[in-house]
Each structure stands twice: as structure tokens, then as C-alpha cells.
Amino acid sequence: MNTHQKGFSLIELIISLAVLTILLTGGVPSLTDVYTQYRADSSIRIIQQTLQFARNQAITLNRTVTACAVIDQKCEQNWQAGLTVFIDTNNNNQLDDSDKKLYITNAFDSKDIVKYNRTAIRFQPDGLASGTNGTLKYCPSSATSPYSRAVIVNQAGRVRLSKNSNINCS
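Structure below.
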């Protein structure tokens, strides 16, 4: 008869669980930070690419193209709702039946803050941004998150990521 048993003793199991608990306690907060940073990076890239798409469509279609957060068919300053790119035929910042939708993003995470000082960004047929320079800010989880990002749109229509590491959404 074989007296050698397979498996863990109670002491080995307790020590293994203690080590696992210590590792998880230290690892979970850092995973949260990694996820927050990933969410910020991917969301700001979506914003940048959507605005670049809007500018390219304005040039390609030779029409003024609007990018904004559409709520109840109107451009609103709640940029957290996501971006809609469309041809605003009568320039009223509303998505009318006569307007053509070009692209729609999903809403951003409900915990995050997305700020811009206007209700819409318009690109003219020559690619220029209508109005003045602007900075669209994305702050994951809080207004002062260290993972905050921003996209800058200048009057020439250039859309670029900000290199500023101190972005505040308050």
C-alpha cells in the first residue's frame, strides 16, 4: 500500500493563501491605475481621430462638417455623451432631417469628465476650423486625474495631442 499522499498540507495551504493575499493587495491598486491610464489614452485617441476624420470629410466633401455631442438632436456641451460628426446644412448646431450623419462615437465612461469651451467644432471646406483655437480635455475619474489628456484644435484645423501633463477639467 502506498502511504505517500498527494496534495497540500493545511500549513502549506495557509502559507500559499497568505502569499496570494499579499500579492493581490499590492497588485490590484496598480491594475486600477493601469486601466485608468489605458482608458484615458484610448479615449483621447478616439477624440483625436474623430476630429481628424471630420476635418478630412470637410475637405473631401467640400462642405462644412460639424463635430459635437448631440443630445436630443442638438449640439450640447456635454461632450461626455460622445461625438457625432455630420454635415450641418443650415449651420444651426442641430441634427436636422436634412443633415447627413458621417460618424458617431460611443459615450465615454460615466465616471470621466470631457470638457470643451464650445458646443461644436466646425471644419470648413478648406480644412480650417471655424472660430478660435480650442482644447478638448479628457479627465478619467476626476477633474485632476494624473492621467488627464487633451486634444488641441487650432484655427488652421490641425488636431494634435497636448504634451501638457497638468491638465485640469474643473
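Under our numbering, think of the first position of the sequence shown as 6, with each following residue one higher. Beta carbons are placed, not taken as given, at the ideal position from N, Cα and C, and that holds for glycine.
Asked: Under the three-state DSSP convention, the category residue 43 falls into; Found: helix
Asked: Own chain partners of residue 172 with C-beta closer than 6 Å, once the 5 adjacent residues on each side are dropped; Found: 142, 153 and 155
Asked: Residues that residue 127 bridges to, as DSSP identifies them; Found: 71
Asked: Residues near residue 118 by beta carbon distance below 6 Å, same chain, minus five either side; Found: 144, 148 and 174
Asked: Local conformation of residue 30 per DSSP, three classes; Found: helix
Asked: First and last residue of the uninterrupted beta strand (DSSP E) at residue 140; Found: 139 to 144
Asked: Beta bridge counterpart(s) of residue 52 as assigned by DSSP; Found: For residue 52, which the question treats as bridged, DSSP gives no partner whatsoever.
Asked: Of the residues 146, 131 and 126, the one placed nearest residue 138, counting alpha carbons only; Found: 126
Asked: C-beta atoms of residue 59 and residue 108 nearer than 9 Å; Found: yes
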